[in-house]
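The next block holds one structure in the form of structure tokens; read it before the comments.
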Amino acid sequence: MKRKWRAGILAASIGLAGFLTGCSSDEAGKSDNNSKNEQVALDIFQFKVEFKDQFEAVAKAYEEENENVKINITTVGGGEDYGAALRSKFASGNEPAIYNIGGPQDVEDWKDKLADLSDSAAADAALDGTLDGVTVDGKVLGLPYNQEGYGFIYNKNIFEKAGIDPSTIVDFASLEAAVKELDSKKGELGLEAVFALPGKETWVTGLHLSNTFIAPEFDSNVLKAFESKNIEFQYGDAFQKVLDLQNDFSVQPTVSLDYSKQVEELFSLQKVAIIQQGNWVYGSIAGIDEEFASNGIGLLPIPVEGYKGDHIPVGIPMYWGVNSNADEAVVKEAKKFLDWLYTSDTGKETVLNDFKFIPAYNGYDSSKISDPLSKAVYEYAEKGKTIGWTFMGYPTGWGQDELGVEIQKYLSDEGSWEDVINATKKAWESSRQ
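Quick note on numbering: numbering that gives the first Met the number 0 labels position 69 of the sequence shown as 68, and the sequence is numbered without any gaps.
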């Protein structure tokens, strides 16, 4: 059964029973006989570093089925600014055929370079509501990557040794108490600190963490955020408390700590007990310690004091866009590739088992969601305990370049929390004039 993304948030339904007919066979995406001799190059510029190798492997599988197609993949993400890199890519004149966009703000920014994907099999299979933020005048300008959720990922073994029941953490008070208990025992638990807050990554603070406290202001509605002329930070105090808790009990200095060190060095090697991240980190953790990744990690909510303490943000991280400036044959093949990726048997198997995605499409068997973080996200969604992803509706660059940067100043004691709020309020209003 489908449910609306904007209302209670998209993932709550992942109506994943049965498989699609028609384009769901491995024949989906194969070029027709008339085009077999025409060589087509698909240049893909994508942001998700976590599945780079797996994506390159599935691209080769598509090439084997379609001998006239050559796929070239460039991955820019992690500690790099994908948006800036994409703008530079287009400015160079070497425009990709397929690239990534966020929600309605990116659609507005890139609409002159986005092909209409309404006639694609993937658009037809997308879960109800997942296309709302990328549909303009009846045209679907992006296809969902997947569904993701994030919160506080924790080390089950450390929690057990410390005598902390994670199911009791349902508000800020219980989270704070657990953190202080872990801190008091960090020597015997072998911890460098409780948290690893990657303050260097403005997307972690300025997009993901902020969204948890800003989404409630806009009723978890990305379009409402996109259309708003101002922001009030109604839950700004709650935002500060959670940020301070992470910073005060984190490996220092937080402004020098990046994603790689947070996930791969500190958490995966069990030197910290908690990190703020999402189900996408499973592959990175498994690459270092598969047993720990499979059986030793869980997901806690990020409590919003005065709102909800036991919910997690769930949404679409990015969309695939097809360059409308590309040759007609390239646009056609790009659509075929994306259809094949999400609706063919081979593609669906890859999406679930290799990418470890929570699908944003009908036609998937939910029992095949294999890793514990994705399962946890799915369970939160099934219970309706989700907060929307409204950061896709922030003004262009606001989350990272304005809010994220101001938070870095705050973490470095170069500014007050009041400075953060005031500066970013003005920046939002200025962007929306």
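Each residue gets a CB set at the ideal place from its N, CA and C atoms; glycine is no exception. These numbers come from a predicted model, not from an experiment.
Per DSSP, what kind of secondary structure is residue i in: helix, strand or coil?
i    : result
Q276 : strand
Q146 : strand
T129 : coil
F151 : strand
D418 : helix
N322 : coil
Y393 : coil
P371 : helix
S429 : helix
N33  : Note that N33 scores 39 on pLDDT, short of 50, meaning its location in the model is unreliable and no value can be drawn from it.
R5   : Its pLDDT being 33, under 50, R5 is placed unreliably by the model, and the measurement read from it follows with that caveat. Looking at R5 - three-state DSSP - the assignment turns out to be helix.
V57  : helix
G305 : coil
V254 : helix
K424 : helix
Q233 : coil
N93  : coil
Y363 : coil
S227 : coil
D52  : helix
Can you give me the Cβ contacts of residue i inside the same chain, cut-off strictly under 7 Å, excluding the 5 residues immediately before and after it?
i    : result
E62  : V68, K69 and I70
E37  : N67 and A328
G161 : The amino acid at residue 161 is misidentified as Gly; the sequence shows Ala. Excluding positions up to five away in sequence, the list reads E180, L181, K184 and L188.
N32  : Summary for N32: the model assigns pLDDT 41, below 50, so the residue's position carries little reliability, and this model does not support an answer.
G308 : V169, D170, F171, P300 and P302
E175 : L244
V39  : N67, V68, A328, V329 and E332
A426 : W397 and E401
D108 : T395
Would you grab the beta carbon distance between residue i and residue j for me? Rounded to a whole angstrom, and I think it's under 8 Å.
i    : j    : result
V321 : A124 : Rounded, the Cβ-Cβ distance is 16 Å, inconsistent with contact.
G387 : G314 : 6 Å
T389 : L402 : The pair is not a contact, with the Cβ atoms about 13 Å apart (cut-off 8 Å).
Q407 : V254 : 5 Å
S430 : W397 : 6 Å
F217 : I420 : With 8 Å as the limit, F217 and I420 do not qualify as a contact, their Cβ atoms being about 17 Å apart.
K355 : G282 : 6 Å
A60  : T385 : Not a contact, Cβ separation roughly 33 Å.
F212 : A237 : 6 Å
I273 : Y153 : 5 Å
Between the beta-carbon of residue i and the beta-carbon of residue j, is there less than 8 Å?
i    : j    : result
N145 : P358 : yes
Q53  : D353 : yes
L116 : L85  : no
I72  : I100 : no
A195 : V280 : no
G305 : Y234 : yes
L41  : A333 : yes
K201 : Q399 : For the sequence presented, residue 201 should be read as Thr rather than Lys. Yes, the pair counts as a contact, with Cβ atoms nearer than the cut-off.
L142 : Y409 : no
P103 : N210 : no
F291 : Q275 : no
E55  : K228 : no
V75  : F50  : no
I284 : I296 : yes
D131 : L206 : no
N324 : E94  : yes
F151 : V193 : no
L265 : E191 : yes
G383 : F225 : no
L372 : L298 : yes
Q251 : W416 : no
Across which residues does DSSP place residue i in a beta bridge pair?
i    : result
D42  : N71
I357 : Q146
N434 : The shown model of the chain, from 0 to 432, leaves out residue 434, and the question about it has no answer.
L298 : I152
I311 : T385
S249 : F194
V135 : K138
V330 : Its beta-bridge partners do not exist; DSSP assigns none.
V448 : For residue 448 there is no data in the structure shown, the boundaries of the chain being 0 and 432.
Is the Cβ of residue i closer than 8 Å to any Cβ of chain D?
i    : result
E378 : Within the model displayed, chain D is absent; a lone protein chain is all it includes.
Looking only at its chain, what residues have a beta carbon closer than 8 Å to the beta carbon of residue i, apart from the 5 residues adjacent to it on each side?
i    : result
V350 : N145, L340, Y341, F356, P358 and Y363
I260 : Just to set this straight, residue 260 is Lys in the shown sequence, not Ile. Correct list, in chain order: A195 and P197.
D80  : Q399
V106 : I100, L113, G132, V133, V135, L140 and G141
D440 : As displayed, the chain neither begins before 0 nor continues past 432, which places residue 440 out of reach and without an answer.
V404 : T201 and G205
Does the ligand FAD have even one heavy atom less than 7 Å from the beta-carbon of residue i?
i    : result
D353 : Among the components of this structure there are no ligands whatsoever, and the ligand FAD is therefore not found.
Could you pull out every residue in the same chain whose Cβ sits closer than 6 Å to the Cβ of residue i, ignoring the five residues on either side in sequence?
i    : result
K155 : G295 and G297
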